[in-house]
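**Q** Below are the C-alpha cells for one structure; questions will follow.
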Amino acid sequence: MKIGIVCYPTFGGSGVVATELGLELSKRGHTIHFITYNQPVRLELLGNNIHYHEVNVPEYPLFHYQPYELALSSKLVDMVKLHEIEIFHVHYAIPHAYAAYMAQKILLEDNIYLPIVTTLHGTDITLVGNHPFYKPAVTFSINKSDAVTAVSQSLKDDTLRLFNIKKDISVVTNFIDLSKFNHGFTDCQRAMMANDHEKIITHISNFREVKRIPDVINIFYNVQKELPAKLMMVGEGPEREPAEQLCRKLGISDKVVFFGNSNEIDRILCFSDLFLLPSETESFGLSALEAMASGVPVISSNTGGIPEVNEDHFSGFLSNVGDVEAMSKNAIKLLKDESLLDKFKLNARAQAEKFDIHNIVPQYEAIYEETLKSCMHTQKA
Ligand code: GMT
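Convert by adding 2 to the 1-based position in the sequence shown; the result is the number in the numbering used here.
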C-alpha cells in the first residue's frame, strides 16, 4: 500500500508512534510518505519506500496566524496526485483530521477518493480538543474520518464521553520495537552517570504542566533522603526552568541531571533503576512503555490509560494523582530491596513485550485494508 502519514514531527509521543509505525510498515513492504512541517525527529533513514515531504507555510504579513491547515491540505492533494498515495493515516486530530478531510474533498473533484484513518492520541481529545473553541471542528473531523482509532481503551471512553461521536472507534494500543531496547554491556555506560552504590531514577517528558514535574522532583527529594540516588530529567518544555529552580531550593541540584531532548533515550534508560510518571492525565504513557522495554519499573499515577500499560504491583506501582507520599514510599520500598527490584525489572520487560510492534502493526494494516475495501464498495454503490 502507499500510505500518507501526517503527524507532528517533534519529540511528543504521537509523532514518535507515527514515525515508528511508518518505519515498520516500510519494512513490511509498504511505501510510506510522511507529510509534515519538519523531518520527524526519529526518522533518520529515508529510502526507496520511505519519503518525507515538507509542508511549507509562506509568511505573509497580512496573516496574524499563518494558515498551516490550508498548506497541509494542498500538500496532501499534490502528494496524492504525484505519488498515487492510496490512504491517509493522520495522527492527532488537531488539525490533521480536519486538513485531511479538506484534501479528501478537493481530490473528489478529480474523482479520487482518499480514505482517512485518524488516530487519537490524548491531548487532542482531553486537554485541547475538548476546548469549546475547537470542539465542533474536532467532532466533525472525527465523524468524517473513514476509520478512527484510539491508543487506549481509556482514551476511547473519554472520546465517547466528551464528544458526540457517531463512528466506531477501534482501540489499537501504542507499541514498542523491543529490538531497539536490547542493550549489550558496552552500550550502557552507567559509570558516567552515577557511582555503583547510587540508584538512577529517570523521568522523560515534554515538561508540560500535565506531567506534574514538581511531583517528580519532590518524589526524588524524598528518595534521596533515604538512599544514595541520582535523577535524570530528559526533555524540554515550559516546566524545565521552574524544575531547575526547585532543585536549587531543595539543595539537590548536584544530584539531578537535565539532559534536554534526546534521541538516545534507550541509552539513558539502559542504566536506569526506576522511572517516574506522576502525570495529571495520560492517554497511554509511551515513555513508561519505553522504560519498561528497557527493564525499568515505573512509579506512576493511576490516571487515564496508564493502568493499561503499567500493571500495579507487577511492573511498578500506581497511586492517585498528586499522592507524592505514596509514590515516594513505593519508590523507596522498591529501591531498597534488591531482590524485589530485580523481580520488578524482569516484570517490566515482560509487560512491555505485550506491546511488541509485531503484534500491533498488523492491526493497523487490517484497518487500512478494511477501510480501502469498504470505501471502494461505497463508491461503486
Ligand atoms: O504527552 C504529551 O503531552 C504529548 C502527547 C503527544 O501527542 O505527543 O502525548 C499523547 O500521545 C502519546 C502517544 O500516543 C501518549 O503516550 C501520551 O500519553 C499522550 N499524552 C497525554 O495524554 C497527556
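No residue lacks a Cβ here, since even glycine has one placed at the ideal position from N, Cα and C.
Using the rule of at least 16 other Cβ atoms within 10 Å of the residue's Cβ for burial, across every protein chain shown, is F209 buried or exposed?
**A** The residue labelled residue 209 in the question sits at position 207 within the sequence shown. The residue is buried, with at least 16 neighbouring Cβ atoms inside 10 Å.
**Q** Tell me the DSSP bridge mates of S321?
**A** On the sequence shown, position 319 is the one that residue 321 refers to. Bridge partners of S321: S303.
**Q** With distances taken Cα to Cα, identify the nearest neighbour of K391 among N176, S341, A149 and L180.
**A** With the chain covering 3 to 383 only, the question about residue 391 has no answer from this structure.
**Q** What I want to know is whether the C-beta of E284 ends up closer than 7 Å to one or more non-hydrogen atoms of the ligand GMT.
**A** Here residue 284 is taken as the residue at index 282 of the sequence shown, counted from 1. The answer is yes for E284.
**Q** Which of the three DSSP states, helix, strand or coil, is assigned to F165?
**A** Numbered from 1 along the sequence shown, position 163 holds the residue referred to as residue 165. Note: F165 maps to coil in three-state DSSP.
**Q** Just to confirm, are H32 and M3 a CB contact at a threshold of 8 Å?
**A** As a working mapping, residue 32 is identified with position 30 in the sequence shown. As a working mapping, residue 3 is identified with position 1 in the sequence shown. It is a contact, given that the beta carbons lie within the stated cut-off.
**Q** Can you give me the start and stop residues for the beta strand (DSSP E) that E56 sits inside?
**A** For the purposes of this step, residue 56 is taken as residue 54 along the sequence shown, with counting starting at 1. Run containing E56: I52 to E56, per the beta strand (DSSP E) assignment.
**Q** Comparing C-alpha positions only, which one of V57, L64, P42 and S172 sits nearest to A368?
**A** Residue mapping note: residue 368 aligns to position 366 of the sequence shown, counting from 1. Closest option to A368, Cα to Cα, is S172.
**Q** Per the DSSP calculation, D358 is bridged to which residue(s)?
**A** The residue given as residue 358 occupies position 356 in the sequence shown. BP columns for D358 point to I178.
**Q** On the DSSP letters alone, give me the boundaries of the beta strand (DSSP E) that F260 sits inside.
**A** Counting from one through the sequence shown, the residue named residue 260 turns up at place 258. V258 to G262 is the extent of the beta strand (DSSP E) around F260.
**Q** Can you tell me whether F183 is buried or exposed? The criterion is at least 16 other CB atoms within 10 Å of its CB, across all chains shown.
**A** Working through the sequence shown from its first residue, we reach residue 183 at position 181. Its Cβ being crowded by 16 or more others within 10 Å, F183 is buried.
**Q** Buried or exposed, going by whether 16 or more other CB atoms sit within 10 Å of the CB of S310?
**A** Residue numbering aside, residue 310 sits at position 308 when the sequence shown is read from its first letter. Checking the sequence shown, residue 310 turns out to be Glu, not Ser. Looking at its Cβ environment, which holds 16 or more other Cβ atoms inside 10 Å, E310 is buried.
**Q** Going straight from the alpha carbon of S143 to that of Y103, what length do you get?
**A** Taking the sequence shown and counting its residues from 1, the one referred to as residue 143 is at position 141. Taking the sequence shown and counting its residues from 1, the one referred to as residue 103 is at position 101. Those two C-alpha atoms are separated by around 7 Å.
**Q** How is H205 classed by DSSP in three states: helix, strand or coil?
**A** In the sequence shown, the residue the question calls residue 205 occupies position 203. The answer is strand: DSSP assigns H205 an E or B state.
**Q** If you drop the 5 nearest sequence neighbours on each side, which residues of the same chain put their C-beta closer than 8 Å to that of S274?
**A** As a first step, residue 274 is located in the sequence shown; it is residue number 272 there, counting from the start. Once the five neighbours on either side are set aside, the close Cβ partners of S274 are I202, I203, T204, M234, A293, S296 and V298.
**Q** What did DSSP end up calling T121 once you bin it into helix, strand or coil?
**A** For the purposes of this step, residue 121 is taken as the residue at position 119 of the sequence shown. Looking at T121 - three-state DSSP - the assignment turns out to be strand.
**Q** Start and end of the alpha helix (DSSP H) containing H98?
**A** Along the sequence shown, one-based indexing puts residue 98 at 96. H98 -> alpha helix (DSSP H) spans A95 to L110.
**Q** Nearest to D179 by CA position, among N361, E371, I52 and T373, is which residue?
**A** For the purposes of this step, residue 179 is taken as residue 177 along the sequence shown, with counting starting at 1. Of N361, E371, I52 and T373, the residue nearest in Cα terms is N361.
**Q** Indicate whether V174 and Q365 have their beta-carbon atoms separated by less than 8 Å.
**A** The count along the sequence shown starts at 1 and reaches residue 174 at position 172. The count along the sequence shown starts at 1 and reaches residue 365 at position 363. Yes; because the gap between Cβ atoms is below 8 Å, this pair is in contact.
**Q** Figure out for me which residue from G15, V225, E88 and I37 has the closest Cα to the Cα of E371.
**A** Taking the sequence shown and counting its residues from 1, the one referred to as residue 371 is at position 369. Answer by Cα proximity: E88.
**Q** With respect to 7 Å, is the separation between the Cβ of N176 and the closest non-hydrogen atom of the ligand GMT below this value?
**A** Translated into positions along the sequence shown, residue 176 becomes position 174. Yes, the beta carbon of N176 sits closer than 7 Å to at least one heavy atom of the ligand GMT.
**Q** Buried or exposed: where does A193 fall if 16 or more other Cβ atoms within 10 Å of its Cβ makes it buried?
**A** In the sequence shown, counting from the first residue as 1, residue 193 sits at position 191. Per the 10 Å Cβ criterion, exposed.
**Q** Relative to the C-alpha of V57, which residue among C9, L45 and F316 is closest?
**A** Residue 57 sits at position 55 when you count from the first residue of the sequence shown. Residue C9 is the option with its Cα nearest to V57.
**Q** Is the beta carbon of G306 sitting closer than 8 Å to the one on E340?
**A** Position 304 of the sequence shown, counted from the first residue, corresponds to residue 306. Position 338 of the sequence shown, counted from the first residue, corresponds to residue 340. Taking 8 Å as the Cβ cut-off, G306 and E340 do not qualify as a contacting pair.
**Q** Measure from the alpha carbon of R44 to the alpha carbon of each residue in L27, V18 and N322, then state which is nearest.
**A** Numbered from its first residue, the sequence shown carries residue 44 at position 42. Residue V18 is the option with its Cα nearest to R44.
**Q** Does the count of Cβ pairs from the segment 261-281 and the segment 113-131 closer than 8 Å reach three?
**A** No contact exists between the segment 261-281 and the segment 113-131.
**Q** Who are the near neighbours of E61 in its chain, counting only those whose CB is closer than 7 Å to its CB and skipping five residues on each side?
**A** Position 59 of the sequence shown, counted from the first residue, corresponds to residue 61. Only Q68 meet the Cβ criterion.
**Q** Would you kindly work out how many angstroms separate the C-alpha atoms of L64 and F346, rounded to a whole number?
**A** Residue numbering aside, residue 64 sits at position 62 when the sequence shown is read from its first letter. Residue numbering aside, residue 346 sits at position 344 when the sequence shown is read from its first letter. When rounded, the distance between both Cα atoms is 58 Å.
**Q** How about H123: is its Cβ closer than 7 Å to a heavy atom in the ligand GMT?
**A** The sequence position of residue 123 within the sequence shown is 121, counting from 1. Indeed, a heavy atom of the ligand GMT lies less than 7 Å from the Cβ.
**Q** Look at V153 and H123 and say whether their C-beta atoms are less than 8 Å apart.
**A** For the purposes of this step, residue 153 is taken as the residue at position 151 of the sequence shown. For the purposes of this step, residue 123 is taken as the residue at position 121 of the sequence shown. Going by C-beta atoms, V153 is nearer than 8 Å to H123.
**Q** Within this structure, are the beta carbons of F260 and I270 separated by less than 8 Å?
**A** Here residue 260 corresponds to residue number 258 of the sequence shown, with the count starting at 1. Here residue 270 corresponds to residue number 268 of the sequence shown, with the count starting at 1. No.
**Q** Please determine, among K29, S147 and Q247, the residue with the shortest C-alpha to C-alpha distance to P117.
**A** Translated into positions along the sequence shown, residue 117 becomes position 115. Selected option, being the one with the closest Cα: S147.
**Q** For the ligand GMT, is there any heavy atom lying closer than 7 Å to the beta carbon of Y223?
**A** The residue you call residue 223 lines up with position 221 of the sequence shown. No, since every heavy atom of the ligand GMT falls outside the 7 Å radius drawn around the Cβ of Y223.
**Q** When DSSP labels each residue in this structure, what does H133 get in the three-state scheme?
**A** In the sequence shown, counting from the first residue as 1, residue 133 sits at position 131. Residue state, collapsed to three classes: coil.
**Q** Regarding S16 and the ligand GMT, is the C-beta to nearest heavy atom distance less than 7 Å?
**A** Within the sequence shown, numbered from 1, the residue matching residue 16 stands at position 14. Yes, the beta carbon of S16 sits closer than 7 Å to at least one heavy atom of the ligand GMT.
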